[in-house]
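One structure is given below, encoded as structure tokens.
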Amino acid sequence: MMQRLALSWQRALLTLLLTLSPLAHALTAPDGVTLAVLAYRPEALLQRQYEPLVEYLSSASGVPVHLKVLDQEAMTRAVAANGIDFFLTNPSHFLLIRSERSLTGVLATVQRDWKGRSTGSVGGVIFTRANRDDIRELADLRDKRIGSPGVQFLGGYQAPLLELEAAGLDVRRRGRITYLGNHDRVVRAVVAGDVDAGFIRTGVLEELQENTPGLADELRVLNPQRLRGFPFRASTRLYPEWPLVALPHVDNGVVRRVASALFALEPGHPAVRSAGLTGFSPPADYQSVESLARELRLPPYDHAPRVTWLDVLEQYRPWLLAVGVLLFLLLVTSAWLGRQKRQLVREERRLRELVASWPQPMLIIRGRDLVECNRAAVELLRYGSPASLVGKELAAFSHHIQPDGQVSSQKLSNLLLRVEMGDVATTEWVFVRSDASDIWVEMTLAPVYEYGFDSPAVLCSWYDITRRKQAEERMRLAVMVFDNAREAIFVTDEHGVIMDINDAYCRITGRTSGMAIGMPPPLPMDEGSGVLVTARKQGVWSGEFLSRTHDGRRLVLNLTLGAVFDDHSRLTHFVGVFSDITKIKETERKLRAMAHYDALTGLPNRVLFADRLHQSMAQAKRHDYQLGVIYIDLDEFKPVNDAFGHDAGDDLLVEMARRMRTVLREEDTLARLGGDEFAAIAVNVSGEEALESLLSRLLAAVSEPVWVASHSVTVSVSVGYTLYPQPGELDADQLLRQADQAMYQAKRRGRNGYCGFSENLL
Amino acid sequence: MHRRRFLQLSVSAALAPTLVGCFHREPLRMGVHPWIGYEPLYLTEEFGWLPDSVTLSRGFAARDSINGLLSGNLDGAALTIDEAVRVQAAGVPVRAVAVTDVSVGADMLMARPGIHSLEDLAGKSIGVELGSVSAVLLFAALQRAGLTADQVSLVDLPVNRHLQSWQLGQIDVSVCYEPTASRLKQAGAVGLFDSRQVPDTIFDLLVVTREAERRIPGAIEDLVRAHFRGLQHLVRNSHDAIYRVATRQQVDPEAVREALASVMLPELAANRRYLAPGGRVETVARELATVLEREGLIDRVPDVDELCSRDFLPGSLPS
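Chains as they are written, first to last, in the UniProt record's numbering: chain A, 1 to 762; chain B, 1 to 319.
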């Protein structure tokens with residue numbers, strides 16, 4: 001009765017509390033709360049393992065606790081929808097959930113149990129089949145297929161990944177990781193050979209081994225860690241075990257009661273032993289898991305952290321300082337360089353302006369091409385604009401071969417090479433202008449060092465030397481004429497003293513130039529310096545005169561002497577040209593002789609006779625004396641000629657001529673008119689008797705025997721004569737004909753006699 | 001590492017012919033022996049974070065490190081503050097470049113159950129390894145009790161022989177640390193005093209010789225940076241580090257956890273404070289030098305004015 005009363009009182013109080021306080025209502029939430037556990041292993045297994053824990057919590061806290069085993073995706077969805085109240089998951093998944101929504105915080109951290117040893121740490125296991133001899137250490141996992149439960153697994157993904165990256169392997173980038181959902185599948189995949197290696201959390205292998213004893217021999221753990229007191233094999237460093245987390249919507253009282261129930265669990269309690277735990281400890285510090293995810297850039301830290309300038313400044317102060325100093329130095333240097341460059345550009349521009357405005361032709365050559373030229377240069381070559389020149393080589397405006405025999409382009413190359421070495425070169429060059437005329441220039445090339453170019457440009461200036469070259473050419477020709485002329489040439493000063501002579505002068509006069517220079521030139525003896533006076537007055541004198549060579553030989557010279565005046569009409573020089581005409585004169589003389597004398601006898605011929613007769617007739621008239629014209633014909637000449645030959649005939653004629661000549665006086669003239677006919681002029685004849693006595697002597701001299709061709713021959717002549725003047729006017733021909741007629745008369749009278757002309761002879 | 005490489009590049013670019021040789025010097029030889037405070041260096045080595053400029057010389061006890069420094073075989077060592085003072089007094093000037101840990105209960109004074117207070121120590125035989133940090137705790141305790149060394153009977157005994165002497169009844173009190181302390185406790189000893197009662201006094205330090213400081217300052221920077229990186233792993237990834245330390249020390253992870261609880265591992269900011277000129281390390285060293293000299297444990301009081309240097313502490317640590 002009392003019991004029942006007490007019971008009913010209690011019930012009434014409870015009812016009161018329930019109706020009065022919403023808190024109390026929550027405390028006894030009739031549908032209870034849900035604890036979700038991550039399905040890191042097969043769902044059924046976990047369901048079985050965690051059922052005792054849930055039952056314990058329900059009874060210890062007085063709040064019905066339901067168990068849900070969820071995979072990560074389902075758990076994340078359930079959390080987002082407040083579909084669960086508490087959850088137990090791995091730290092990496094927890095961090096992801098925490099980043100997506102607010103949580104109350106970690107209530108407790110799992111303490112795992114393994115055969116009496118407890119740990120609050122979890123790590124990763126990297127393993128492969130024991131018979132995979134090719135996989136011995138972490139480095140062997142390069143390019144291998146790897147099985148993992150999923151990205152948001154600490155031991156099954158993140159912890160192994162860090163170790164691999166520390167070993168220098170980036171297995172993520174290779175994309176050879178297969179996500180299998182839970183640890184058991186990873187183990188199966190490795191055993192089956194579907195993957196080369198697997199990532200799982202610590203403890204799983206040991207648990208599986210319980211049911212499959214041979215498993216330990218089938219698998220090999222890589223990178224084993226020596227961790228004294230840690231109950232499991234591990235390949236990685238360790239992190240805090242799973243957190244148990246309450247969601248914020250869960251009532252505080254419920255949370256407190258669940259927490260106190262959790263902490264009240266002692267090791268060995270059936271509720272925890274079933275789940276493989278020793279119990280729950282106060283929340284661990286999960287910062288190391290955060291650092292891990294951050295280092296691997298995994299969700300929720302897969303975005304680069306926001307770094308402020310202050311962070312950078314704080315962390316990299318010395319670097320920034322160094323970089324700052326370097327930048328400053330760089331700026332200073334570039335400023336300095338910039339100034340230098342500007343100055344150089346200014347100088348360059350000045351140079352260009354100088355070149356452009358310079359009155360002499362100037363150009364700039366870079367490489368081999370013209371890059372710049374001024375107006376004067378363009379005009380010199382008679383082009384329209386600089387564009388016609390720029391970009392071309394100098395050789396393009398030249399003949400293929402320069403006058404000195406060098407090929408233009410080659411000569412230019414040699415010059416440029418010298419200039420680029422730093423020399424200044426000067427040369428003469430012939431250009432061809434646009435109108436095809438030649439122009440001589442003296443070209444000077446000098447190096448110009450410009451900013452930004454390794455080799456110097458070449459400044460080129462031209463000086464037009466065409467006139468000089470032409471003058472030189474004329475001079476050269478003049479010298480050649482002077483030296484090589486056959487005529488002797490001399491130049492004297494204004495006083496007629498020789499300054500220069502040519503070779504012909506020496507040859508003709510027989511004097512060396514040493515003897516001739518400083519002396520007067522050969523001049524006519526009689527006129528002497530009068531010649532110079534004439535030449536000065538009339539500009540030129542010319543004439544022939546006799547002179548002598550140095551060794552005394554006679555010369556006939558033909559001299560032309562010119563006076564040379566300067567711009568102010570002052571006499572400065574005389575120039576004379578003479579030639580040796582001695583031989584010409586001699587020849588002239590011979591020719592003349594041939595025209596007037598008989599070649600056989602040396603006596604004047606008919607022409608000269610006629611001439612002499614004219615002169616004698618004129619003289620006889622002037623001096624009033626008589627002259628006789630005598631015609632002589634040899635008798636019996638032909639038989640001699642026929643009998644003894646022409647040579648004998650000729651000898652006879654010569655002998656006859658000599659004999660007749662001796663009979664005649666000096667002033668008389670004997671001439672051979674042709675054949676065996678002779679004629680003579682006897683001047684100053686004092687009457688017929690005197691003439692006839694002369695003729696008698698003549699006949700006597702002729703009739704003397706003559707030794708001809710080894711024979712003594714006796715010949716005679718028939719002579720006719722006439723006298724002059726006569727009463728009538730007569731010319732020379734008439735006179736000679738009279739004598740001829742008289743000679744015929746004499747022949748008719750019986751030869752060897754003479755006969756005078758008279759009218760009655762006719 | 002990156003910074004060093006960058007500086008190397010920029011300097012060698014500027015002074016290529018003269019300075020290149022400097023970077024191929026011998027590495028900094030660092031003596032270490034097993035102690036929870038020195039674990040960060042071991043961890044860096046295990047994870048390959050120790051730069052080439054530093055090599056660890058593993059000893060069994062502090063004696064190995066001290067001998068190495070005195071003989072010139074080492075350029076630096078992990079030592080307690082008193083050991084640093086002793087080395088300095090022995091004529092090898094050293095510089096403390098980092099505080100690895102501060103003892104907060106690691107060093108203990110274990111006594112027979114009848115001894116209830118420090119004052120009761122008078123006349124008792126006290127086992128202590130005078131050449132170790134235990135002496136520091138003992139003198140601090142005696143000072144606290146108003147006693148002098150003359151008033152107690154000091155038995156200079158290596159700490160690994162304390163249990164035996166205790167069991168033989170040769171000592172009433174032991175100045176020791178784990179694991180000897182636990183074993184003594186099992187043998188009936190009770191804790192009378194520990195380093196929690198003398199806060200900020202028993203320091204473990206990374207020291208380098210002045211010679212090394214002059215010759216290879218870059219390597220010292222590398223060393224200190226590596227220590228802090230290892231420390232970060234020890235503290236933040238304790239779920240992992242505990243097992244690794246346990247493996248090396250051949251003890252259970254639980255023991256490592258307890259050992260960690262008995263020391264305070266100062267981070268960068270605390271290091272700056274401790275190593276400041278006139279800071280706590282310098283003050284303690286000066287007091288210690290006086291006591292050690294008075295007790296005849298060192299021949300002369302060394303100059304400790306410039307014992308500490310903050311120059312090698314990194315400006316910041318990666319998070």
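Built from N, CA and C at the ideal position, the CB exists for glycine as well.
Check, Outcome
"Output, in chain order, the set of chain A residues within a Cβ distance shorter than 9 Å of G315 of chain B.", "E314, Q315, R317 and P318"
"Among B:L292, B:A106, B:N160 and B:S153, which has the Cα closest to the Cα of I171 of chain B?", "B:S153"
"With DSSP as the reference, identify every bridge partner of S693 of chain A, one or two as the case may be.", "Answer by DSSP bridge pairing: none, since S693 of chain A is not bridged."
"Flag S92 of chain A as yes if its beta-carbon sits less than 8 Å from any beta-carbon of chain B, otherwise no.", "no"
"Tell me which residue opens and which closes the beta strand (DSSP E) that G674 of chain A is part of.", "T669 to G674"
"Taking 8 Å as the cut-off, decide whether the C-beta atoms of Y239 of chain A and L320 of chain A are in contact.", "no"
"Taking DSSP's pairing of strands, which residues face H711 of chain A in a bridge?", "A:V708"
"Buried or exposed: where does H93 of chain A fall if 16 or more other Cβ atoms within 10 Å of its Cβ makes it buried?", "buried"
"Please list the residues of the region 144 to 174 of chain A that have a C-beta atom closer than 9 Å to any C-beta atom in chain B, keeping them in chain order.", "A166"
"Taking DSSP as the reference, what is the three-state secondary structure of M519 of chain A?", "coil"
"Looking at chain B, is there any beta carbon in it that lies within less than 8 Å of the beta carbon of S288 of chain A?", "yes"
"Can you check whether the CB of P91 of chain A is closer than 8 Å to the CB of V289 of chain A?", "yes"
"With distances taken Cα to Cα, identify the nearest neighbour of Q410 of chain A among A:I501, A:L394 and A:P456.", "A:L394"
"Residues of the region 448 to 475 of chain A in Cβ contact with chain B at a cutoff of 7 Å, in chain order, please.", "none"
"Alpha carbon to alpha carbon, what distance is there between S716 of chain A and Q726 of chain A?", "29 Å"
"Work out the CA separation of H183 of chain A and L215 of chain A for me, nearest whole Å.", "14 Å"
"Excluding the five sequence neighbours on either side, which residues of its own chain have a C-beta within less than 6 Å of the C-beta of Y56 of chain A, listed in chain order?", "A271"
"Under 8 Å by Cβ, that's how I've got D107 of chain B and Y177 of chain B pegged, so tell me the actual separation to the nearest angstrom.", "5 Å"
"Under the rule that 16 or more other beta-carbon atoms within 10 Å means buried, what is L297 of chain B, buried or exposed?", "buried"
"If contact means a Cβ-Cβ distance below 8 Å, which residues of the region 253 to 277 of chain B contact chain A?", "P253 and E254"
"Roughly how many whole angstroms lie between the Cα atoms of L459 of chain A and A446 of chain A?", "5 Å"
"Put L445 of chain A into one of helix, strand or coil per three-state DSSP.", "strand"
"Exposed or buried, what is L14 of chain A when buried is set at 16 or more other beta-carbons lying within 10 Å of its beta-carbon?", "Note on L14 of chain A: pLDDT 48, under 50, position unreliable in the model; no value is reported."
"Is it true that the region 243 to 261 of chain A meets the region 148 to 155 of chain A, where meeting means three or more beta-carbon pairs spaced less than 8 Å apart?", "no"
"Determine the DSSP secondary structure at L244 of chain A, reduced to helix, strand or coil.", "strand"
"Strictly under 8 Å for the Cβ-Cβ distance: is S121 of chain A near chain B by that measure?", "yes"
"Given that T247 of chain B touches chain A, what residues does it touch there, using C-beta distances under 7 Å?", "R226, L227 and R228"
"Between which two residues does the alpha helix (DSSP H) harbouring D64 of chain B extend?", "A62 to S71"
"Kindly give me the distance between the Cβ atoms of I489 of chain A and M519 of chain A, rounded to whole angstroms, as I take these residues to be in contact under 8 Å.", "With a Cβ gap of about 16 Å, I489 of chain A and M519 of chain A do not count as contacting."
"If you measure beta-carbon to beta-carbon, which residues of the region 49 to 68 of chain A are closer than 8 Å to chain B?", "none"
"For T19 of chain A, count neighbouring Cβ atoms within 10 angstroms of its own Cβ and tell me buried if that reaches 16, exposed if not.", "Legend: pLDDT at T19 of chain A = 45, less than 50; position of this residue unreliable, value from coordinates given subsequently. T19 of chain A comes out exposed."
"On the DSSP bridge list, what partners appear for I401 of chain A?", "A:V407"
"Got a sec? Which residues, its chain only, sit under 7 Å from D140 of chain A by beta carbon, not counting five neighbours each side?", "D134"
"In chain B, which residues lie with their C-beta within 7 Å of the C-beta of R237 of chain A?", "N237 and D240"
"How about T100 of chain B and L206 of chain B: are their beta carbons less than 8 Å apart?", "yes"
"Examine chain B for any beta-carbon lying closer than 8 Å to the beta-carbon of D285 of chain A, and answer yes or no.", "yes"
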